[in-house]
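>
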Amino acid sequence: MSDFRQKALDYHALPRPGKISVELTKPAESVGDLALAYSPGVAEPVKEIAADPDAAYKYTGKGNMVAVISNGTAILGLGNLGPLASKPVMEGKALLFKRFAGLDAIDIEVKHRTTEEFINTVANIADTFGGINLEDIKAPECFEIEQELIKRCNVPVFHDDQHGTAIVTAAGMLNALEIQGKHIHDVTIICMGAGAAAVACMELLIKCGAQRERIYMLDRKGVIHTRRDDLTPHKHMFANNTDKRTLEDVLEGADVFVGVSGPDVLPPEALKLMAPNPIVFACSNPDPEIKPELAHAQRDDLIMATGRSDYPNQVNNVLCFPFIFRGALDVRAKNINDEMKVAAVEAIRSIAKESVPASVLKAANVDKLEFGRQYIIPKPMDPRLCKRVAKAVAEAAISSGASAFEALPKGYMED
Numbered sequence: 007m008s009d010f011r012q013k014a015l016d017y018h019a020l021p022r023p024g025k026i027s028v029e030l031t032k033p034a035e036s037v038g039d040l041a042l043a044y045s046p047g048v049a050e051p052v053k054e055i056a057a058d059p060d061a062a063y064k065y066t067g068k069g070n071m072v073a074v075i076s077n078g079t080a081i082l083g084l085g086n087l088g089p090l091a092s093k094p095v096m097e098g099k100a101l102l103f104k105r106f107a108g109l110d111a112i113d114i115e116v117k118h119r120t121t122e123e124f125i126n127t128v129a130n131i132a133d134t135f136g137g138i139n140l141e142d143i144k145a146p147e148c149f150e151i152e153q154e155l156i157k158r159c160n161v162p163v164f165h166d167d168q169h170g171t172a173i174v175t176a177a178g179m180l181n182a183l184e185i186q187g188k189h190i191h192d193v194t195i196i197c198m199g200a201g202a203a204a205v206a207c208m209e210l211l212i213k214c215g216a217q218r219e220r221i222y223m224l225d226r227k228g229v230i231h232t233r234r235d236d237l238t239p240h241k242h243m244f245a246n247n248t249d250k251r252t253l254e255d256v257l258e259g260a261d262v263f264v265g266v267s268g269p270d271v272l273p274p275e276a277l278k279l280m281a282p283n284p285i286v287f288a289c290s291n292p293d294p295e296i297k298p299e300l301a302h303a304q305r306d307d308l309i310m311a312t313g314r315s316d317y318p319n320q321v322n323n324v325l326c327f328p329f330i331f332r333g334a335l336d337v338r339a340k341n342i343n344d345e346m347k348v349a350a351v352e353a354i355r356s357i358a359k360e361s362v363p364a365s366v367l368k369a370a371n372v373d374k375l376e377f378g379r380q381y382i383i384p385k386p387m388d389p390r391l392c393k394r395v396a397k398a399v400a401e402a403a404i405s406s407g408a409s410a411f412e413a414l415p416k417g418y419m420e421d
């Protein structure tokens with residue numbers, strides 16, 4: 007057994023199993039405390055909530071609680087291992103919510119026979135929480151699940167594998183294009199992968215200005231084109247009327263490669279086909295579509311990003327999902343709409359252009375970080391992320407009508 011594997015197992019097992027627990031927020035030391043906490047005192051907030059459901063935000067932890075829900079059909083890079091096997095990942099997500107945004111989160115793993123059963127289960131418990139974070143659910147079922155739950159739930163529903171990945175990718179991509187002297191409206195984008203993350207990434211890049219007809223998406227059978235008869239509805243949205251069939255065909259003259267597929271699928275020599283000053287986001291985890299050292303050996307004009315923390319420019323969902331929920335819950339948004347996602351993109355990318363605090367340099371174990379090819383996106387430990395992203399999301403929720411609030415709470419996210 008490798009040292010790292012043993013360390014990982016020990017981390018999750020010791021000194022007590024798991025990564026999250028429940029803490030009390032009220033005293034429970036005396037008979038009087040218990041009379042207020044439970045019977046008879048608990049009857050008073052019960053009656054208030056029965057009369058006005060919004061009172062749950064005042065008298066319970068609903069407004070600071072996220073449910074992290076999975077069926078275990080697409081766990082990390084491990085595939086369909088079932089609900090129980092996904093529990094360490096879902097606990098990890100709950101840990102990140104608490105660590106980075108101060109949000110309480112509880113993991114829920116659902117066994118089901120049909121997609122409808124899963125949807126019904128989540129919809130029936132949704133009012134317990136301030137928001138629902140869906141995780142590690144395979145495509146194409148994840149699209150139907152999220153859309154149905156958005157319709158049926160009165161709290162924000164967010165499939166992080168889709169939209170968290172898309173938001174961080176878009177933030178890094180817009181900065182990379184700026185550094186490379188290119189505009190998103192003009193570039194040709196190659197997307198290797200056609201699952202949930204790939205579709206969400208491309209759709210958000212389109213909302214940020216990319217041209218759909220200049221996006222070439224590939225799956226295991228090659229380029230997705232209009233003469234294929236095996237396309238799902240979501241793949242069909244990216245079907246090009248083209249004679250190009252292979253990765254090499256579409257890479258010729260392309261500006262951007264986005265990989266959300268699998269390890270080592272981008273041959274190093276194929277990078278030579280791309281346009282000057284190319285951008286490669288190889289986001290497969292733990293092993294990218296191409297290793298950075300191989301890519302840089304082929305192109306010295308390249309901007310490279312991966313999903314790994316041991317290389318520069320990590321595309322990491324933790325840069326957005328805790329803060330998106332923080333902002334959404336703080337203004338009681340009913341959903342997380344496109345305006346809120348784009349606001350998060352702009353907030354994240356703006357931080358990378360500013361001076362980096364000493365605490366971030368120390369956490370990243372570097373002496374210097376400066377906006378450029380090796381630093382296009384903030385580090386996860388940057389303390390500015392919570393305030394800036396949450397506030398931008400909250401403002402967008404209000405201005406777009408997703409929140410019932412007319413203005414931010416006084417002093418919200420101010421120093």
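All residue numbers for the sequence shown refer to the working numbering, where the first residue is 7 and numbers rise by one.
Here a beta-carbon is modelled for each residue, glycine too, at the ideal position from N, C-alpha and C.
1. For LYS416, which residues from the same chain have a beta carbon less than 7 Å from its beta carbon, with the 5 sequence-adjacent residues on both sides left out?
2. Taking the alpha-carbon positions, what's the PHE329 to ASP142 distance?
3. Under three-state DSSP, which class holds SER76?
4. Identify whether TYR317 lies in helix, strand or coil by the three-state DSSP scheme.
5. Is it true that the CB of TYR65 sits closer than 8 Å to the CB of PRO51?
6. With a 10 Å radius around its C-beta and 16 neighbouring C-beta atoms as the bar for buried, classify ASN139 as buried or exposed.
7. Just reading off the alpha helix (DSSP H) that ALA49 is part of, what are its end residues?
8. Mapping the DSSP letters down to three states, classify LEU140 as helix, strand or coil.
9. From ALA61 to ASP113, what does the alpha carbon distance come to, in whole angstroms?
10. Using only CA atoms, which one of ASP110, GLY187, LYS157, LEU109 lies nearest to ASN130?
11. Can you find the residues in the same chain that come closer than 6 Å, C-beta to C-beta, to ALA375, ignoring five residues on each side of it along the sequence?
12. Starting from ALA216, trace the beta strand (DSSP E) both ways and give me its first and last residue.
13. Tell whether a beta-carbon distance below 8 Å holds between MET71 and GLY136.
14. For ILE26 and PRO162, which I take to be in contact (beta-carbon distance under 8 Å), what is that distance rounded to the nearest angstrom?
15. Do you know whose CA, among ALA111, PHE287, ILE383, SER365, lies nearest ILE354's CA?
16. Using beta-carbon positions only, say whether GLY215 and ARG251 come within less than 8 Å of one another.
17. Give a yes or no on whether the C-beta atoms belonging to SER203 and ASP225 are separated by under 8 Å.
18. With 16 other CB atoms within 10 Å as the buried threshold, where does GLN1 fall?
19. Kindly indicate which residue of ALA281, ASP344, CYS289 has the alpha-carbon position closest to the one of ASP307.
20. From what residue to what residue does the alpha helix (DSSP H) around TYR17 run?
On the basis of the data shown:
1. Taking the first residue of the sequence shown as 1, we reach residue 416 at position 410. So no residue of the chain qualifies.
2. The residue you call residue 329 lines up with position 323 of the sequence shown. The residue you call residue 142 lines up with position 136 of the sequence shown. Going by the C-alpha atoms only, they are around 20 Å apart.
3. Reading the sequence shown from its first residue, position 70 is the one you call residue 76. The answer is strand: DSSP assigns SER76 an E or B state.
4. The sequence position of residue 317 within the sequence shown is 311, counting from 1. Coil at TYR317, not helix or strand.
5. As a working note, residue 51 is residue 45 in the sequence shown. As a working note, residue 65 is residue 59 in the sequence shown. Cβ atoms of PRO51 and TYR65: closer than 8 Å.
6. Within the sequence shown, numbered from 1, the residue matching residue 139 stands at position 133. Answer is buried; the Cβ neighbour count reaches 16.
7. One-based indexing of the sequence shown puts residue 49 at position 43. 49 to 57 is the span of the alpha helix (DSSP H), which, as asked, contains ALA49.
8. The residue given as residue 140 occupies position 134 in the sequence shown. Under the three-state reduction of DSSP output, LEU140 falls in the strand class.
9. In the sequence shown, the residue the question calls residue 61 occupies position 55. In the sequence shown, the residue the question calls residue 113 occupies position 107. One C-alpha to the other measures close to 24 Å.
10. On the sequence shown, position 124 is the one that residue 130 refers to. Checked all of ASP110, GLY187, LYS157, LEU109; the closest Cα to ASN130 is LYS157.
11. As a working note, residue 375 is residue 369 in the sequence shown. The sequence as given places Leu at residue 375; Ala does not occur at that position. Cβ neighbours of LEU375 beyond the five flanking positions: VAL362, TYR381.
12. For the purposes of this step, residue 216 is taken as residue 210 along the sequence shown, with counting starting at 1. Note, ALA216: premise wrong, no beta strand (DSSP E); not H, not E.
13. One-based indexing of the sequence shown puts residue 71 at position 65. One-based indexing of the sequence shown puts residue 136 at position 130. For MET71 and GLY136, yes; Cβs fall inside 8 Å.
14. Taking the first residue of the sequence shown as 1, we reach residue 26 at position 20. Taking the first residue of the sequence shown as 1, we reach residue 162 at position 156. At roughly 21 Å, the Cβ-Cβ gap does not stay under 8 Å, so ILE26 and PRO162 are not in contact.
15. Locating residue 354 in the sequence shown gives position 348, counting from the first residue. Taking only the C-alpha atoms, the option nearest ILE354 is ILE383.
16. The sequence position of residue 215 within the sequence shown is 209, counting from 1. The sequence position of residue 251 within the sequence shown is 245, counting from 1. No, Cβ-Cβ distance for GLY215 and ARG251 is not below 8 Å.
17. In the sequence shown, counting from the first residue as 1, residue 203 sits at position 197. In the sequence shown, counting from the first residue as 1, residue 225 sits at position 219. Checking the sequence, you will find Ala at residue 203 rather than Ser. Cβ distance not < 8 Å, so ALA203 and ASP225 don't count as in contact.
18. For the chain, the structure presents residues 7 to 421; residue 1 sits outside this window and is missing.
19. Translated into positions along the sequence shown, residue 307 becomes position 301. The residue with the shortest Cα to Cα distance from ASP307 is ALA281.
20. Mapped onto the sequence shown, residue 17 falls at position 11. It spans 9 to 19 - the alpha helix (DSSP H) in which TYR17 sits, taken as one unbroken run.
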